[in-house]
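Report on the following structure.
In UniProt numbering, the protein residues as written are 1 to 294.
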């Protein structure tokens, strides 16, 4: 049975209007065309659908039983139409991504390239923050997701380790010794550019300088690795930066890397556990994680 929607539409309008002429007017057709649709339906179903009289047209018992399924057909058709329209013009979503390191060390360029292909409807805002600030702002939903160093054990966070990251000591290029002093006291006498307390490197600095790290020669403090390198280049002291950034800075001159002691942390991607259920956030989160897979 091949039921035509235009015939069902005529049936529905006549049932609502109880009048052939008014039904034809509503569908911008002629009474004879609508009447023909009804005749074809009755012939196809082999039942009488309407009683015709001088007062108009009324549904038979068979027509009454058919009315609800026909209404459901056109409701479903409207749902299909609305879905198709939504697919044609997907609304743009905006996500806020926290960066704890220079974008080139977080593979942001490759992430953006892949996002353009896989998630063209997604707008991305990037905010540079310290790792601890990113954690706080993901929890407060000021950020949607972000990169952080160190251990994140808050059960409200979804945490995926991306890669181990080596942290290195850098000093001025004209430093006269090749290795750092082995004992804590001698290290503390050197001038240091301390990371701020919100930076995971702060704990590495304490481990580097020993139990009495607070007695060290703190020449100044820095909010980010760029500032640390600038201060080290100017001769203000020694500092801690991510190894890849340290190597790049050394190649440009002005700083030198000290290999020992070796310090390792994790680079993680985080978002709120509940927010991960949002389809657009989950898609971007999983895309970033896949970028770091071997």
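Glycine residues also receive a C-beta, built at the ideal position from the N, C-alpha and C atoms. Every value quoted in this text rests on a predicted model; they were computed, and no experiment measured them.
With a 10 Å radius around its C-beta and 16 neighbouring C-beta atoms as the bar for buried, classify residue i as buried or exposed.
i: residue 98; result: buried
i: residue 115; result: buried
i: residue 3; result: exposed
i: residue 188; result: buried
i: residue 61; result: exposed
i: residue 20; result: buried
i: residue 41; result: buried
i: residue 53; result: exposed
i: residue 23; result: buried
i: residue 281; result: buried
i: residue 84; result: exposed
i: residue 249; result: buried
What does a CB cutoff of less than 7 Å around residue i pick up in its chain, not counting 5 residues either side in sequence?
i: residue 173; result: 253, 254, 255, 256
i: residue 175; result: 256
i: residue 285; result: 145, 269, 271, 276
i: residue 198; result: 130, 132, 133
i: residue 31; result: 20, 21, 24
Which residues in the same chain as residue i place their Cβ atom closer than 6 Å to its Cβ, once the five residues preceding and following it in sequence are excluded?
i: residue 92; result: 121, 123
i: residue 258; result: 169, 180
i: residue 210; result: 184
i: residue 141; result: none
i: residue 235; result: 172
With the cut-off set at 7 Å, would you say residue i and residue j are in Cβ contact?
i: residue 196; j: residue 217; result: no
i: residue 119; j: residue 246; result: no
i: residue 170; j: residue 241; result: yes
i: residue 200; j: residue 149; result: yes
i: residue 167; j: residue 204; result: yes
i: residue 56; j: residue 25; result: no
i: residue 191; j: residue 237; result: yes
i: residue 291; j: residue 107; result: yes
i: residue 194; j: residue 221; result: yes
Going by CA-CA distance only, name the one from the options that's closest to residue i.
i: residue 14; options: 169, 275, 71, 283; result: 71
i: residue 63; options: 46, 78, 134; result: 46
i: residue 208; options: 261, 176, 100; result: 261
i: residue 267; options: 289, 278, 84; result: 289
i: residue 101; options: 165, 32, 190; result: 165
i: residue 129; options: 75, 278, 83, 96; result: 96
i: residue 264; options: 286, 163, 22; result: 163
i: residue 151; options: 211, 126, 226, 131; result: 131
i: residue 105; options: 287, 243, 275, 251; result: 243
i: residue 16; options: 248, 44, 68; result: 68
i: residue 127; options: 30, 73, 94; result: 94
i: residue 287; options: 117, 239, 82, 29; result: 117
Which residues in the same chain as residue i place their Cβ atom closer than 8 Å to its Cβ, once the five residues preceding and following it in sequence are excluded?
i: residue 112; result: 124
i: residue 49; result: 11, 38, 41, 42, 59, 60, 62, 63, 66
i: residue 76; result: none
i: residue 27; result: 9, 10, 13, 34
i: residue 51; result: 57, 58, 59, 60
Is there contact here, the stretch 221–233 with the stretch 140–147, by at least three beta-carbon pairs under 8 Å?
-> no
Evaluate the contact criterion for the stretch 1–16 versus the stretch 31–48: three or more CB pairs, one atom per stretch, below 8 Å.
-> yes
Taking one C-beta from the stretch 124–139 and one from the stretch 175–187 each time, how about it: are there three or more such pairs within less than 8 Å?
-> no
Spell out a yes or no on whether the stretch 152–159 and the stretch 264–275 are touching, meaning 3 or more CB-CB pairs, one atom from each, closer than 8 Å.
-> yes
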